[in-house]
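**Q** FYI, the numbering for the sequence shown is 1 to 421, going by the working numbering.
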Amino acid sequence: MGSLRVLHCDPAQPDQAAAALEANLADGSWVRLLPSGVQPERQDMDPDGQHWPPGSGLVLSTGGSSGARQLCLHPLSNLDRSAEASASWLEAIGLKPASTLVWNPLPFQHVSGLMPWWRARQWGADHAWIQPALIKQPALLLQHSRRHPHWHQRQMVLSLVPTQLRRLLADPCGRSWLGEMAVIWVGGAALPTDLADQSRDLGIRLAPCYGATETAAMVTAQAPLDFLAGTGGCGRPLDGVRLRLNHQGALAVHCDRLAVARLDGTGGLCALSDVNGWWHSADLAELEGSPADPQLHLLGRIDDAIHSGGVTVFPSQLEQRLLTEARRQGLPLDAVLLLGLQNREWGERLVALVRWTSVELPSDGLDRLRRLVSDWPAPERPLSWIHCQELECTSAGKWDRLRWQKWLAAQQSAQSSTQYC
1 MGSLRVLHCD
11 PAQPDQAAAA
21 LEANLADGSW
31 VRLLPSGVQP
41 ERQDMDPDGQ
51 HWPPGSGLVL
61 STGGSSGARQ
71 LCLHPLSNLD
81 RSAEASASWL
91 EAIGLKPAST
101 LVWNPLPFQH
111 VSGLMPWWRA
121 RQWGADHAWI
131 QPALIKQPAL
141 LLQHSRRHPH
151 WHQRQMVLSL
161 VPTQLRRLLA
171 DPCGRSWLGE
181 MAVIWVGGAA
191 LPTDLADQSR
201 DLGIRLAPCY
211 GATETAAMVT
221 AQAPLDFLAG
231 TGGCGRPLDG
241 VRLRLNHQGA
251 LAVHCDRLAV
261 ARLDGTGGLC
271 ALSDVNGWWH
281 SADLAELEGS
291 PADPQLHLLG
301 RIDDAIHSGG
311 VTVFPSQLEQ
321 RLLTEARRQG
331 LPLDAVLLLG
341 LQNREWGERL
351 VALVRWTSVE
361 LPSDGLDRLR
371 RLVSDWPAPE
381 RPLSWIHCQE
391 LECTSAGKWD
401 RLRWQKWLAA
411 QQSAQSSTQY
421 C
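(1) Rounded to whole angstroms, what's the CA-CA distance from Val241 to Ile386? Just pull it up for me.
(2) Cα-Cα, which of Glu325, Arg381 and Pro224 is closest to Val351?
(3) For the structure I just gave you, are there three or more beta carbon pairs, one from the segment 102 to 113 and one from the segment 206 to 219, closer than 8 Å?
(4) State yes or no: is the C-beta of Ser36 within less than 8 Å of the C-beta of Arg5?
(5) Measure the alpha-carbon distance for Leu238 versus Ala410 and round it to whole angstroms.
(6) Classify Ile306 as helix, strand or coil using the three-state DSSP reduction.
(7) Give the secondary structure of Pro75 by DSSP, where H, G and I count as helix, E and B as strand, and everything else as coil.
(8) Quick one: give me the first and last residue of the alpha helix (DSSP H) that Arg175 is part of.
(9) Cutting at 8 Å between CB atoms, please list the residues of its own chain near Gly179, excluding the five before and the five after it.
(10) Would you decide whether Pro149 is buried or exposed? Buried here means 16 or more other CB atoms lie within 10 Å of its CB.
(11) Using DSSP with H/G/I as helix, E/B as strand and the rest coil, what is Asp80?
(12) For Asn343, which residues from the same chain have a beta carbon less than 6 Å from its beta carbon, with the 5 sequence-adjacent residues on both sides left out?
(13) Roughly how many angstroms lie between the CA atoms of Leu7 and Arg32, to the nearest whole one?
(14) Might you give, ordered along the chain, the residues of its own chain that have their beta carbon closer than 8 Å to the beta carbon of Ser65, omitting 5 neighbours on each side?
(15) Grouping DSSP H, G and I as helix and E and B as strand, with all else coil, what is Gln16?
(16) Quick check on this structure: which residue in His307, Leu341 and Arg175 has the alpha carbon closest to the alpha carbon of Ile135?
(17) Answer with buried or exposed for Trp103, where buried requires no fewer than 16 other C-beta atoms within 10 angstroms of its C-beta.
(18) Determine the contact status of Leu272 and Trp278, defining contact as a CB-CB distance below 8 Å.
(19) Hey, would you say Leu206 sits closer than 8 Å to Leu245, going by beta carbons?
(20) Helix, strand or coil, according to DSSP, for Ser36 in the structure here?
(21) With H, G and I counted as helix, E and B as strand and the rest as coil, what does DSSP make of Gly347?
(22) Tell me, which residues are paired with Gly57 by DSSP?
(23) Would you kindly work out how many angstroms separate the C-alpha atoms of Pro332 and Ala326, rounded to a whole number?
(24) Measure the CB-CB distance between Val354 and Val373 and report whether it falls below 8 Å.
(25) Tell me whether Pro116 is buried or exposed, calling it buried when 16 or more other Cβ atoms sit within 10 Å of its Cβ.
(26) Spatial neighbours of Asp44 within its chain, please: C-beta separation below 6 Å, excluding the five flanking residues on both sides.
(27) Would you call the CB atoms of Lys398 and Ala189 closer than 8 Å?
(28) Using the three-state DSSP reduction, which class does Val219 fall into: helix, strand or coil?
Structural data, given as structure tokens:
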């Protein structure tokens with residue numbers, strides 16, 4: 001049994017992290033991928049002492065699809081099977097995986113950035129890193145990409161999160177760059193309706209998808225032609241994947257590449273799936289069509305639900321609705337996060353953190369937001385609106401709700417925030 005090694009991934013030098021990972025895996029080690037400067041959890045992670053699976057593999061932090069963050073163990077065979085499934089999907093829509101150029105702007109320590117590199121490695125395709133800063137500078141991104149020797153020589157595929165997609169769609173050079181892609185897998189968070197509509201209007205070949213760290217990335221994907229034709233949702237299962245809904249209405253997944261275990265707080269190994277091999281996510285969903293070939297639609301999260309006035313409220317659904325309505329009315333709203341706050345009368349009430357597209361707060365912005373939700377049911381209407389220009393998702397495109405809950409508590413404690421009730 002090999003050792004467990006920690007590999008810090010510098011976002012400015014992902015190629016070095018990838019080379020170091022290959023060397024460690026070749027030694028038969030298990031590798032824990034971490035962002036640069038982040039120390040590993042204080043757990044007794046000893047492969048020999050805990051009877052870890054034989055061979056080498058990766059220890060990856062989840063993005064929260066099953067609730068609280070966890071550490072998952074993936075032997076290399078899981079990554080290979082995931083790459084094979086996405087290759088079969090590409091072939092089904094007429095692309096040759098080995099002849100593609102894979103663009104990768106996602107963090108290498110996360111499954112979303114690891115898997116594009118792993119796929120290209122397995123397929124024999126070209127792979128090109130994109131520095132995170134370039135996504136924020138679309139003109140430089142387009143200039144940089146055009147210098148690649150296989151630009152326009154190969155069919156190009158890309159993985160993005162919605163936050164990155166929004167930045168690119170807001171700029172002519174970003175739209176031009178997106179238009180060159182044969183497939184754009186977009187996942188990590190729900191695809192807002194306005195981004196889907198704008199992409200369809202521009203003919204941009206999005207492939208909304210769903211996956212998790214626990215499943216070694218994608219388990220469903222929407223074919224670009226279906227997306228452009230107006231089909232919603234996250235597509236149909238990839239090869240080897242079965243879907244169903246559990247008694248809570250949350251998505252359950254059965255596939256041959258589930259993480260073999262997760263680490264508990266002491267470093268012990270725990271089963272990830274139930275006794276029948278199903279992994280239960282915290283994502284509420286609908287399955288449309290036949291049970292053998294369903295179309296996946298995500299509805300929200302179980303774990304961010306709050307109970308307000310006897311009603312269960314799902315903030316993530318309301319965030320998307322609010323963003324869509326605000327943009328439809330021309331409000332320069334860039335992001336909104338709804339958090340639950342303890343309330344003696346209601347149990348919990350929503351508080352909205354908002355970020356505008358410009359640093360300056362629109363003079364009537366919060367008043368217009370209040371009017372926009374005035375006809376919503378009371379439990380769904382934010383009690384308070386707080387301007388938070390530093391509001392941001394993680395590098396994987398997800399909300400770290402605990403971080404912003406702590407931020408909100410600190411603001412209230414210091415009584416230094418501006419609240420509008």
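Glycine is no exception: its CB is placed at the ideal position from the N, C-alpha and C atoms.
**A** According to the structure shown:
(1) Along the sequence shown, one-based indexing puts residue 241 at 241. Along the sequence shown, one-based indexing puts residue 386 at 386. Distance between the alpha carbons of Val241 and Ile386: 42 Å.
(2) Within the sequence shown, numbered from 1, the residue matching residue 351 stands at position 351. Ranking Glu325, Arg381 and Pro224 by Cα distance to Val351 puts Arg381 first.
(3) Output reads yes: the segment 206 to 219 touches the segment 102 to 113.
(4) Locating residue 36 in the sequence shown gives position 36, where the first residue counts as 1. Locating residue 5 in the sequence shown gives position 5, where the first residue counts as 1. Result no, Cβ atoms of Ser36 and Arg5 do not sit closer than 8 Å.
(5) Taking the sequence shown and counting its residues from 1, one reaches residue 238 at position 238. Taking the sequence shown and counting its residues from 1, one reaches residue 410 at position 410. Their Cα atoms are separated by approximately 44 Å.
(6) Here residue 306 refers to the residue found at position 306 when the sequence shown is read from its first residue. Residue state, collapsed to three classes: strand.
(7) Here the question's residue 75 lines up with position 75 in the sequence shown. Three-state result, Pro75: strand.
(8) Position 175 of the sequence shown, counting from 1, holds the residue named residue 175. Run containing Arg175: Pro172 to Gly179, per the alpha helix (DSSP H) assignment.
(9) The count along the sequence shown starts at 1 and reaches residue 179 at position 179. So the qualifying residues of the chain are Leu202, Gly203 and Ile204.
(10) Indexing the sequence shown from 1 puts residue 149 at position 149. Here Pro149 is exposed. Its C-beta has fewer than 16 other C-beta atoms within 10 Å.
(11) Locating residue 80 in the sequence shown gives position 80, counting from the first residue. Three-state DSSP puts Asp80 in a helix.
(12) For the purposes of this step, residue 343 is taken as residue 343 along the sequence shown, with counting starting at 1. Cβ neighbours of Asn343 within its own chain (closer than 6 Å, five residues either side excluded): Arg349.
(13) Here residue 7 corresponds to residue number 7 of the sequence shown, with the count starting at 1. Here residue 32 corresponds to residue number 32 of the sequence shown, with the count starting at 1. The C-alpha of Leu7 lies about 6 Å from the C-alpha of Arg32.
(14) For the purposes of this step, residue 65 is taken as the residue at position 65 of the sequence shown. With a pLDDT of only 48 at Ser65, under 50, the local geometry of the prediction cannot be trusted, and no value is derived from it.
(15) On the sequence shown, residue 16 is found 16 positions in, with the first residue counted as 1. In the three-state reduction of the DSSP assignment, Gln16 falls in the helix class.
(16) By one-based count along the sequence shown, residue 135 stands at place 135. Measuring from the Cα of Ile135, the nearest candidate turns out to be Arg175.
(17) By one-based count along the sequence shown, residue 103 stands at place 103. Per the 10 Å Cβ criterion, buried.
(18) Taking the first residue of the sequence shown as position 1, residue 272 is located at position 272. Taking the first residue of the sequence shown as position 1, residue 278 is located at position 278. No. Outside cutoff.
(19) Your numbering for residue 206 matches position 206 in the sequence shown. Your numbering for residue 245 matches position 245 in the sequence shown. No, the pair does not count as a contact, with Cβ atoms beyond the cut-off.
(20) Here residue 36 is taken as the residue at index 36 of the sequence shown, counted from 1. Looking at Ser36 - three-state DSSP - the assignment turns out to be coil, as it is neither helix nor strand.
(21) Taking the first residue of the sequence shown as 1, we reach residue 347 at position 347. Shown here, Gly347 sits in a strand according to DSSP, grouped into three states.
(22) The residue given as residue 57 occupies position 57 in the sequence shown. Partner(s): Trp30 and Pro75.
(23) Taking the sequence shown and counting its residues from 1, the one referred to as residue 332 is at position 332. Taking the sequence shown and counting its residues from 1, the one referred to as residue 326 is at position 326. Using only the alpha carbons, I get a separation of about 8 Å.
(24) Taking the first residue of the sequence shown as 1, we reach residue 354 at position 354. Taking the first residue of the sequence shown as 1, we reach residue 373 at position 373. No. Outside cutoff.
(25) The residue labelled residue 116 in the question sits at position 116 within the sequence shown. The residue in question, Pro116, is buried, as its Cβ has 16 or more Cβ neighbours within 10 Å.
(26) Translated into the one-based positions of the sequence shown, residue 44 becomes position 44. Any reading at Asp44 must be qualified, since the residue scores a pLDDT of 48, below 50, and its modelled position is unreliable; the value itself is stated next. Closer than 6 Å at the Cβ level, and outside the excluded window around Asp44, lie Gly267.
(27) Translated into the one-based positions of the sequence shown, residue 398 becomes position 398. Translated into the one-based positions of the sequence shown, residue 189 becomes position 189. Yes.
(28) One-based indexing of the sequence shown puts residue 219 at position 219. Looking at Val219 - three-state DSSP - the assignment turns out to be strand.
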